[in-house]
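These notes are about the structure you will find just below.
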Amino acid sequence: DAGVTQSPTHLIKTRGQQVTLRCSPKSGHDTVSWYQQALGQGPQFIFQYYEEEERQRGNFPDRFSGHQFPNYSSELNVNALLLGDSALYLCASSWDRLNTGELFFGEGSRLTVL
Amino acid sequence: QKEVEQNSGPLSVPEGAIASLNCTYSDRGSQSFFWYRQYSGKSPELIMFIYSNGDKEDGRFTAQLNKASQYVSLLIRDSQPSDSATYLCAVRGWAGNQFYFGTGTSLTVIP
């Protein structure tokens, strides 16, 4: 049973560029959340997707956008990259009907902005 | 004020000792609380969750919740070197979709 998979694992961009990160949820899961984890910090909620719509959003600017596809996979897009966007981006999946709150995290995409 | 606060440590305990990790939260209406373990360079993995006041035990781990004091703790008995990691406290937001994480406490178990 494949867990949550994310790609790419590492990437380097320059300021002003755009990036797309991808996530495939754990089999059977229908909900995808994205978190940003800066070095030495805890994960911060960016947004959550369910039924192909953004269900809730954290305190992140509109430069951060996402999408969920019919197969429940998801993308996170970040436009006009800033140095402060350098972080580990974590995708977490869950099954909405189970609603225990348990999140299954992928290994993350480490973004470096130069 | 941060939603969830933890002592960042580092916390060092000898092998076999009890490690005690603490967390406070600001939203008195919070209902569910989670402890995640994160090894260096890896993603967080769930250890335990607790919803009710009191203690919840799972093997060597015990989660304790005191909603009146807005305080959650995790006890690790018979600590092992493999327990060396960062422990993240997480609180589920009222809407149920957002989790607020603390900055984590770094634990080192010394053989």
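Protein sequence lines correspond, in order, to chains A and B. In case it helps, the numbering used here puts the first sequence at residues 109 to 222. In case it helps, the numbering used here puts the second sequence at residues 949 to 1059. Ideal placement from N, C-alpha and C gives every residue a C-beta, glycine not left out.
S141, Y143, Q145, G148, Q149, G150, P151, Q152: these are the residues of the stretch 140 to 152 of chain A whose beta carbon lies less than 9 Å from some beta carbon of chain B, given in chain order.
When DSSP reads this structure, W142(A) sits in a beta bridge with F155(A), C199(A). The beta carbon of A1043(B) sits closer than 7 Å to some beta carbon of chain A. Non-local beta-carbon contacts of S181(A) in its own chain, meaning distances under 6 Å to residues more than five positions away in sequence, involve S132 in chain order.
Chain A places no beta carbon closer than 7 Å to that of Q979(B), leaving this residue out of the contacts. Just so you know, the alpha carbons of A967(B) and T139(A) end up roughly 34 Å apart. The C-beta of F1049(B) comes closer than 7 Å to at least one C-beta of chain A.
The CB of R1040(B) comes closer than 9 Å to the CB of G209 in chain A, given here in chain order. Contacts between E215(A) and chain B, judged by CB atoms closer than 8 Å, involve K990, S991 in chain order. Each residue's CA atom was taken as its position, placing F155(A) and Y1035(B) some 23 Å apart. If you check the CB distance, F213(A) and P992(B) come in under 7 Å. If you ignore the 5 residues before and after H175(A), its C-beta comes within less than 6 Å of the C-beta of E183, all in its own chain and listed in chain order.
Look at G174(A) here: in three-state DSSP terms it is strand.
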